[in-house]
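Trainee: In the numbering used here, the protein residues as written are 422 to 722. Take a look at this one; I'll ask things after.
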């Protein structure tokens with residue numbers, strides 16, 4: 422995998438909005454937080470556009486991404502927010518020749534899973550699953566994101582991980598791939614679904630009923646998309662446990678799935694839509710040691 426240059430003092434961060442309409446006040450709040458730490462922040466030309474539920478037309482949202490990648494002054498690309506719409510820009514991005522483009526930091530989660538997967542499959546880039554501009558950057562979320570992107574942090578912890586398959590307690594050392602379960606599942610059958618061969622598949626979800634989570638997990642399995650994966654790590658399942666499902670909860674869904682198919686699985690990693698959203702490099706090997714996730718290699722150059 423190709424690794425981007427580390428986030429240096431005074432780095433230029435470009436904000437793009439590949440998905441839903443942005444809350445300008447929330448984006449500006451995080452921009453000010455970053456500027457107070459010495460970073461230069463600029464907005465893509467269409468960040469505050471509105472086209473139905475999207476932050477502008479598909480072609481314009483894609484162009485902002487292309488412009489950010491091609492602008493030599495830009496060091497890192499941060500997503501403004503998720504929602505829905507990133508998968509719609511992939512056909513436009515696919516028109517470009519990415520073979521000789523050097524990687525840049527890309528940070529985001531949720532709907533940004535489509536872009537993480539695009540850059541991993543098309544370009545072989547290491548990307549970063551972490552907070553977006555509309556997220557809360559105060560406390561551990563922001564400090565961890567900056568430390569990981571600067572290369573100052575080589576382990577995440579302490580992080581809770583509960584094994585769900587009694588026969589496999591130790592999480593294998595492996596490259597992490599994945600992101601939001603619904604978005605990842607939607608990429609099955611496209612050129613952009615990442616190979617999970619020898620990898621840990623990390624998943625998180627928000628506002629999906631337990632039966633829907635089960636359906637998506639079964640689709641991953643039955644489509645062969647999990648073939649070769651060495652395990653599943655499920656992070657935050659935020660507002661997913663419904664009161665009308667006879668007490669059936671997402672943790673039970675994941676454990677039942679692991680037992681049914683004998684897939685090693687772990688529960689409770691602090692990343693996703695919950696209050697703690699640790700920044701995870703996708704595309705490098707991680708090792709679980711004690712209560713920490715150790716980076717077995719540098720995530721940035």
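Where is the CB? At the ideal position from N, CA and C, for every residue including glycine. A quick note: this is a predicted structure, and the numbers were derived from the prediction, not measured.
Tell me the DSSP bridge mates of residue 567?
Mentor: BP columns for residue 567 are empty, so no partner.
Trainee: Would residue 423 pass as a contact of residue 544 if the rule is Cβ separation under 8 Å?
Mentor: Cβ atoms of residue 423 and residue 544: closer than 8 Å.
Trainee: Under the DSSP definition of a beta bridge, which residues are partnered with residue 622?
Mentor: Paired residue(s): 598 and 653.
Trainee: Could you pull out every unbroken beta strand (DSSP E) segment of at least 3 residues lying fully inside the region 681 to 721, listed in chain order?
Mentor: For the region 681 to 721, whole beta strand (DSSP E) runs of length 3 or above, ordered along the chain, are 686 to 688, 701 to 703, 706 to 710 and 713 to 716.
Trainee: Given this structure, state the Cα-to-Cα distance separating residue 719 from residue 668, to the nearest angstrom.
Mentor: Roughly 42 Å between the two C-alpha positions.
Trainee: What span of residues does the alpha helix (DSSP H) with residue 637 cover, start to end?
Mentor: Segment 631 to 643, the alpha helix (DSSP H) holding residue 637.
Trainee: Do you know whose CA, among 427, 705 and 501, lies nearest residue 598's CA?
Mentor: Minimum Cα distance to residue 598 is reached at 705.
Trainee: For residue 558, which residues in the same chain have their Cβ closer than 7 Å to its Cβ, ignoring the five residues on either side in sequence?
Mentor: Excluding sequence neighbours, residue 558 sits near 451, 454 and 552.
Trainee: Could one say the Cβ of residue 437 lies closer than 8 Å to chain B's Cβ atoms, at least one of them?
Mentor: No chain B appears in the structure shown, which is made up of a single protein chain.
Trainee: To the nearest angstrom, how far is the alpha carbon of residue 684 from that of residue 651?
Mentor: Taking the straight line joining both Cα atoms gives about 8 Å.
Trainee: Which one of 697, 519 and 511 has the shortest CA to CA distance from residue 491?
Mentor: Comparing Cα-Cα distances from residue 491 to each of 697, 519 and 511, the minimum goes to 519.
Trainee: From this set, 483, 547 and 586, which residue's C-alpha is nearest residue 673's C-alpha?
Mentor: Of the candidates 483, 547 and 586, the one whose C-alpha sits nearest the C-alpha of residue 673 is 586.
Trainee: Using a threshold of 8 Å, state whether the C-beta atoms of residue 438 and residue 471 are closer than that.
Mentor: No, these two residues do not count as a Cβ contact at 8 Å.
Trainee: Identify the continuous alpha helix (DSSP H) that holds residue 487 and give its terminal residues.
Mentor: First-last of the alpha helix (DSSP H) with residue 487: 479 to 491.
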